[in-house]
Amino acid sequence: KEPSTVSILKGDLKIGDKIRFKELLFRINYSYVLPESKKILKKIAQVLKERDDIYFTIQGHVCCTKNTKDALDKQTRKHNLSTARAKYIYDYFKKQGIDERRMKYKGMRRMFPLGGDPKYDRRVEIEITYISDN
Numbered sequence: 001k002e003p004s005t006v007s008i009l010k011g012d013l014k015i016g017d018k019i020r021f022k023e024l025l026f027r028i029n030y031s032y033v034l035p036e037s038k039k040i041l042k043k044i045a046q047v048l049k050e051r052d053d054i055y056f057t058i059q060g061h062v063c064c065t066k067n068t069k070d071a072l073d074k075q076t077r078k079h080n081l082s083t084a085r086a087k088y089i090y091d092y093f094k095k096q097g098i099d100e101r102r103m104k105y106k107g108m109r110r111m112f113p114l115g116g117d118p119k120y121d122r123r124v125e126i127e128i129t130y131i132s133d134n
C-alpha cells in the first residue's frame, strides 16, 4: 500500500522531491476540489504549516486536452486550468496560515501524464525547492 500524502510530508524530504496529492480530486473542467477532498486538503495544509522548514512549488496538471496546451476552466472560460488548480491550492494554503514566501504555483498543463485513468492526471503535486535548517 502506498503511503498517504500526509505521512510522506511528515517524513524525510529532500530538494527536488515531488509529492503528488493523490487523495485530492478536482471537479472535471473546474479548478476546485470535490467536497470529499476538503478534509484531506485541510490535513495537508496543517502538516505543511508545521513543516515550516520546507519551501515548495505547487504544480497543477490536467488531462485530456486535444488541440490546446491547457484545458478550459469552465468557470472563467480561459485555457489555464492547470494554473487555476495550482492557484486554488496556493490560495487555500495561504488562508490556512502558510507563509506565501514559502510557496509558488505553476501550471504544468498536460505535459506530464501519469498514464492510466485520466482522473489521476487532474492533479496537484508539490516540488520541494528548498529546506531550511531552522
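In the numbering used here, the protein residues as written are 1 to 134.
Quick reminder that beta carbons are idealized off the backbone N, C-alpha and C, glycines included.
Exercise. Alpha carbon to alpha carbon, what distance is there between LEU81 and GLY107?
Worked result: As a first step, residue 107 must be located in the sequence shown, where it is residue number 107. As a first step, residue 81 must be located in the sequence shown, where it is residue number 81. Approximately 8 Å between the Cα atoms of the pair.
For this session: Measuring alpha carbon to alpha carbon, tell me which of LYS1, ARG20 and ILE58 ends up nearest GLU100.
Result: The residue given as residue 100 occupies position 100 in the sequence shown. Restricting attention to LYS1, ARG20 and ILE58, the CA atom closest to the CA of GLU100 is found in ILE58.
Problem set entry | Any chain D beta carbon closer than 8 Å to ARG20 | Given the protein chain composition of this structure (a single chain), no chain D is represented.
Problem set entry | Runs of alpha helix (DSSP H) lying entirely within the region 4 to 77, each at least 4 residues, in chain order | Runs of the alpha helix (DSSP H) inside the region 4 to 77: 5 to 10 and 38 to 50.
Exercise. Can you give the Cα-Cα distance for THR65 and THR83, rounded to whole angstroms?
Worked result: The sequence position of residue 65 within the sequence shown is 65, counting from 1. The sequence position of residue 83 within the sequence shown is 83, counting from 1. Their backbone Cα atoms lie some 14 Å apart in a straight line.
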